[in-house]
Amino acid sequence: FQQLREKLIVGLQYIAKIPRQQALLKILYHKCEFNDEMLAEGVIREKMGFNPQTLREVLQACQQQGCVANNLDLDVVMIIINGAFSGIVQNWLMNMAGYDLYKQAPALVDNVLRMFMPDENITKLIHQTNELSVM
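First residue of the sequence shown: 1, per UniProt numbering; consecutive thereafter.
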C-alpha cells in the first residue's frame, strides 16, 4: 500500500514541480478538449506517469496484503483512481494558484486511497492520524 501511495504522491509532485511536464499536460488536455484529433485519455495518463499494468499489479498486491478491500472490482478501482487523478491534475492546471499541488499531494492521495481500504484499516488510519496530531 505504501508503494502505491508513494508512487501517486511522486507523480502529482512531479507534475507540480516540473514546468515542462505542466506544459505538456496543458497541451494534451487542450488538444483533447478543443480538437477533433483527440488523444486517448490513456495516452494522457501515460504521460502523467500512470501505467495501468503497474497500477493493477500494485492493487492486486494490496488486496493480498489486506490493504485494499478484497470485495472491490479492480477494474472499477482503476477507473476511479484514473478519474480522480486526471481530474485533480486537470483542475489544478486550469487554476494553479487555487492550491499547492506539491504540498497537498499526500493529502489528496490519502483521501482517494482511503475509499478502497477495508473498514478496519480505515479505523487504524484514523487512530494513527489522531495520535500524530495529539503529539
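The beta-carbon is built from N, C-alpha and C at its ideal position, and this holds for glycine as well. Keep in mind it's a predicted model, so treat the numbers as computed, not measured.
A Cβ-Cβ separation of about 7 Å places W92 in contact with G98 under the 8 Å criterion.
Note on M117: 16 or more other CB atoms within 10 angstroms of its CB, so buried under the neighbour-count rule. Under the three-state reduction of DSSP output, L101 falls in the helix class. When the beta-carbon positions are compared, L12 and L101 come within less than 8 Å of each other. Out of Q90, M96 and V109, the CA that lies nearest to the CA of V10 is found in V109. With 16 or more neighbouring CB atoms inside 10 Å of its own CB, V77 falls in the buried class. Counting along the chain, V68 sits inside no alpha helix (DSSP H), nor does DSSP assign it H or E at all. Taken through DSSP and simplified to helix, strand or coil, P118 comes out as coil.
V58 and Q90 have their C-alpha atoms roughly 24 Å apart.
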